[in-house]
Structures are given as structure tokens and as C-alpha cells.
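K.L.:
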Amino acid sequence: MNWRNSRAGYWINLGVVAAADLGLLLTLLLPGMMAWSDGLWGPLLWLLAAGFTTLARVRFTDPTHAQPRPA
């Protein structure tokens with residue numbers, strides 16, 4: 000997990016989960032061993048999570064955006 004929002008952790012997490020989902024697609028979904036309706040949820044949720052994570056990294060690492068105030 001990437002607790003400190005580091006750039007290296009972001010790319011490692013993105014790559015590891017992408018490789019796992021790619022393996023699912025290539026070994027189970029494309030050959031027809033799993034129904035697309037069952038197996039497509041993982042990659043779709045990964046795309047959604049990757050988009051939100053990228054948005055957070057861009058927003059909170061860009062110095063032009065205000066940092067959130069500590070509680």
C-alpha cells in the first residue's frame with residue numbers, strides 16, 4: 000500500500016494491480032473460462048480506482064492547488 004502518497008509507490012501499486020488484472024483477462028476471460036459479466040468487474044473497478052488515485056496525486060502534488068487544512 001502507498002500510505003505516504005509517494006510517486007514510486009503509486010507506480011508500483013498501479014503496475015502490480017494492472018498485471019494481476021491483465022492476467023485475469025488473458026487467462027480466464029479471453030479463453031472463455033469465466034463469463035465476461037463475472038470477470039469484468041475487477042478491471043472496471045481498477046480503472047475507476049486508478050482514475051481517482053491519479054486525480055488525487057495530481058491535485059495534491061501540484062503546488063498551485065491549496066493543500067487541505069489539518070484537522
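The sequence shown: position 63 = 62 (numbering that gives the first Met the number 0), numbered continuously. Using N, Cα and C, we set each Cβ at its ideal position, and we do this for glycine too.
Roughly how far, in whole angstroms, is the beta-carbon of Leu-28 from the beta-carbon of Gly-38, given that I think they are within contact range, below 8 Å?
P.N.:
With a Cβ gap of about 5 Å, Leu-28 and Gly-38 count as contacting.
K.L.:
Would you call the CB atoms of Val-16 and Ala-55 closer than 9 Å?
P.N.:
No, the pair does not count as a contact, with Cβ atoms beyond the cut-off.
K.L.:
Please list the terminal residues of the continuous alpha helix (DSSP H) segment that includes Ser-36.
P.N.:
Looking at the DSSP string, the run of the alpha helix (DSSP H) that includes Ser-36 is 35-38.
K.L.:
So the alpha helix (DSSP H) Asn-12 belongs to, where does it begin and stop?
P.N.:
Note, Asn-12: alpha helix (DSSP H), 6-23.
K.L.:
Going by beta carbon distance, what residues of the same chain come within less than 8 Å of Asp-20, once the five residues before and after it are set aside?
P.N.:
Contacts found: Gly-41, Pro-42 and Trp-45.
K.L.:
Alpha carbon to alpha carbon, how far is Met-33 from Tyr-9? Give it in angstroms, no decimals.
P.N.:
Each residue's Cα considered, the two are about 30 Å apart.
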